[in-house]
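**Student:** Just so it is clear: in the sequence shown, position 30 is 30 by the UniProt record's numbering, and no numbers are missing.
We treat Cβ as the ideally placed atom computed from N, Cα and C, and that holds for glycine.
Pasting in a structure now, in structure tokens, and then I'll have a few things to ask.
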Amino acid sequence: MAICPLCNQLESANYSCKKCSSFLIDGGRLMDYFDDYSAYLDIDGMKQFDGIQSDGQKNLCPHMFYCSLCGSSEVKLISEAVR
Numbered sequence: 001m002a003i004c005p006l007c008n009q010l011e012s013a014n015y016s017c018k019k020c021s022s023f024l025i026d027g028g029r030l031m032d033y034f035d036d037y038s039a040y041l042d043i044d045g046m047k048q049f050d051g052i053q054s055d056g057q058k059n060l061c062p063h064m065f066y067c068s069l070c071g072s073s074e075v076k077l078i079s080e081a082v083r
């Protein structure tokens, strides 16, 4: 079983915006943005159709980060800890 350190608040991420160099805010898992019920579905199952190849096989958790200054957003792949 793999767990995401950001989803489980074990770590925090520090990324800078590519457009304005401001601090990016973690908006959570990319899959949670798909529809109203995606946050309640199986995480490994959602990775099969999230549009990111091999994130399930490589134990990566895609997170949406956004910039509160310029409004840009980007997806970062977070390495999950395997237990």
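So what does DSSP say about A2, is it helix, strand or coil?
**Tutor:** Taking the sequence shown and counting its residues from 1, the one referred to as residue 2 is at position 2. A2: strand per DSSP, three-state reduction.
**Student:** Looking at C-alpha atoms only, which residue of L24, D44, K18 is the closest neighbour of N59?
**Tutor:** Within the sequence shown, the letter at position 59 stands for residue 59. Selected option, being the one with the closest Cα: D44.
**Student:** Hey, quick one: how far does the beta strand (DSSP E) through I52 stretch, first residue to last?
**Tutor:** Looking up residue 52 in the sequence shown gives position 52. Note, I52: premise wrong, no beta strand (DSSP E); not H, not E.
**Student:** Going by the beta-carbon positions, is the gap between C7 and L69 smaller than 8 Å?
**Tutor:** Position 7 of the sequence shown, counted from the start, is the residue given in the question as residue 7. Position 69 of the sequence shown, counted from the start, is the residue given in the question as residue 69. No, the Cβ-Cβ distance between C7 and L69 is not below 8 Å.
**Student:** Classify M31 as buried or exposed, calling it buried when 16 or more other Cβ atoms lie within 10 Å of its own Cβ.
**Tutor:** Here the question's residue 31 lines up with position 31 in the sequence shown. Buried, by the Cβ-count rule.
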